[in-house]
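*Asks:*
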Amino acid sequence: MGGSSAAEVAAGGSASGGGGAATGGGGVGGTPTASKTTNDEGGGATATKTRSTGGEDDEGSPTRSPLPSGGGGGGGGDDDNDSDGAPSKSRSSSGASPSSTSTPSNSSLPGLSGEQLFVDFSTFSSSDTVESFLSKAGLVISVWPVDFTPISVMMTPDNVDIVDGALRLKVTGQTGSGQVQSAEVATAEQAILYGKVTTRAKASPVAGVCHGFFFYDKDNREVDIELLTSYYTEGRGDSVKPGIQFTNHPLTPDGEMYNEVHAYPWDATADFHDYTVEWTADETIFSLDGEVIATFTTNVPKKPMAFNWNSWSSGEPNWSAGPPTEDSYLLISAMAGTWTT
1 MGGSSAAEVA
11 AGGSASGGGG
21 AATGGGGVGG
31 TPTASKTTND
41 EGGGATATKT
51 RSTGGEDDEG
61 SPTRSPLPSG
71 GGGGGGGDDD
81 NDSDGAPSKS
91 RSSSGASPSS
101 TSTPSNSSLP
111 GLSGEQLFVD
121 FSTFSSSDTV
131 ESFLSKAGLV
141 ISVWPVDFTP
151 ISVMMTPDNV
161 DIVDGALRLK
171 VTGQTGSGQV
181 QSAEVATAEQ
191 AILYGKVTTR
201 AKASPVAGVC
211 HGFFFYDKDN
221 REVDIELLTS
231 YYTEGRGDSV
241 KPGIQFTNHP
251 LTPDGEMYNE
261 VHAYPWDATA
271 DFHDYTVEWT
281 ADETIFSLDG
291 EVIATFTTNV
301 PKKPMAFNWN
311 SWSSGEPNWS
321 AGPPTEDSYL
331 LISAMAGTWT
341 T
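Under full-length UniProt numbering, the sequence shown has 74 at position 74, and the numbering climbs by one with no breaks.
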């Protein structure tokens, strides 16, 4: 789900800032800066990104089992060299059991379309419930505790709602060290094998939160876009570079993740923008507002996954930072996906 903590050591210059929390948007135009793990075969600037374990597994995430509805996430052969011993992550779901096979009847907006998934949250009616509306779109609300460090997280349906035409994933503000109330929504379909998902979203200006849009099955299979709200334009020394995070996680427990950090081309908190993750048999492609920003050929999964959207904070200064002292909202106005199973 994007992980609990991260440290990056970049070759060719240190990150700007010294730990200050940026509440504004991203970098201004120009060529994005990138950091990559040392297994980059394409050359260019390199960096090593590591994560603390938090005591659970190789990537610091708790053990979960698949969602109760939808297909299994572990099939499809062993051609990606995954370790069968890597744990799945379990979560329960809130609301009625959704259909993961229905095709949206209204499946496009200007610049946005999807065959298996299309949700325009402006069509939500107060006569419906959030759970029912999401269910009809093939989505479920996650309900599960995450034993992150230094502060644990609770994904709760209480922090998922639809207001003013947008799905809101809330991280509850707090001043103590108690469990951080956070939010996650996922596809009921867990057997996605290659696809493209676009999320039209507006990031929170509140520091101390991680927003994630990602394919996921277990820690050895994860492809994600992550927005760290404390590090839009300022980093934390050599530990966190400022910008938007693109990551392919390792395919084996002892492997290295492949990560790039790119400057935002606009203020992510000022308006809605399209964030796209495309996964093929040979590469993962990350796009912003339809423009390809990064393409990875390292650590490309070849087994089925679900897609997830979440917002959370664990207080880890080298990743999410926080927790936020006021409520934070990730706003999603629409999402679309086309995939095979």
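Quick reminder that beta carbons are idealized off the backbone N, C-alpha and C, glycines included.
Computed from a predicted model, the values in this text were never measured in an experiment.
(1) Determine the DSSP secondary structure at Lys136, reduced to helix, strand or coil.
(2) With C-beta atoms as the reference, is Val140 less than 8 Å away from Ala186?
(3) Measuring only the C-alpha atoms, how far is Glu189 from Asp238?
(4) Does the Cβ of Pro110 have 16 or more other Cβ atoms within 10 Å, making it buried, or fewer, making it exposed?
(5) Quick one: residues in its chain with C-beta nearer than 6 Å to the C-beta of Pro145, no 5 flanking neighbours on either side, listed in chain order?
(6) Less than 7 Å between C-beta atoms, sequence neighbours within five positions excluded: which residues of the same chain meet that for residue 343?
(7) Under three-state DSSP, which class holds Pro145?
(8) Would you mind sorting Ser135 into buried or exposed? The rule is 16 or more other CB atoms within 10 Å of its CB.
(9) Among Ala334, Phe286, Gly290, whose alpha-carbon lies nearest the alpha-carbon of Phe214?
(10) Candidates Leu112, Ser108, Gln116, Thr233: which alpha carbon is nearest Trp339's?
(11) Looking at Val180: is its Cβ nearer than 8 Å to the Cβ of Trp319?
(12) Measuring CA to CA, which of Gly243, Asp120, Asn220, Asp327 is closest to Tyr231?
(13) Could you name the residues that DSSP lists as bridge partners for His273?
(14) Tell me whether the beta-carbon of Ala203 lies closer than 8 Å to the beta-carbon of Leu169.
(15) So what does DSSP say about Phe307, is it helix, strand or coil?
(16) Pick out whichever of Tyr329, Pro304, Gly178 has its Cα sitting closest to the Cα of Asp147.
(17) Exposed or buried, which one is Asp217 when buried takes at least 16 other CB atoms within 10 Å?
(18) How should Gly85 be labelled, buried or exposed, when 16 other C-beta atoms within 10 angstroms of its C-beta is the threshold for buried?
(19) So, using beta-carbon positions, are Thr284 and Val300 closer together than 8 Å?
(20) Alpha carbon to alpha carbon, how far is Gly55 from Glu256?
(21) Give me whichever residues DSSP pairs with Thr247 in a beta bridge.
*Replies:* Inspection of the coordinates gives the following:
(1) helix
(2) yes
(3) 39 Å
(4) It is exposed - the Cβ of Pro110 has fewer than 16 other Cβ atoms within 10 Å.
(5) Met154
(6) Nothing can be reported for residue 343: it is not among the residues displayed for the chain, which extend from 1 to 341.
(7) strand
(8) buried
(9) Phe286
(10) Gln116
(11) no
(12) Gly243
(13) DSSP lists Ala201 as the beta-bridge partner residues of His273.
(14) no
(15) strand
(16) Nearest option by C-alpha distance: Gly178.
(17) buried
(18) Summary for Gly85: the model assigns pLDDT 37, below 50, so the residue's position carries little reliability, and this model does not support an answer.
(19) yes
(20) Reliability fails at Gly55, whose pLDDT of 33 lies under 50, so the model's placement of it is uncertain and the value that follows must be treated cautiously. Going from the Cα of Gly55 to the Cα of Glu256 covers about 18 Å.
(21) Asp224, Asn259
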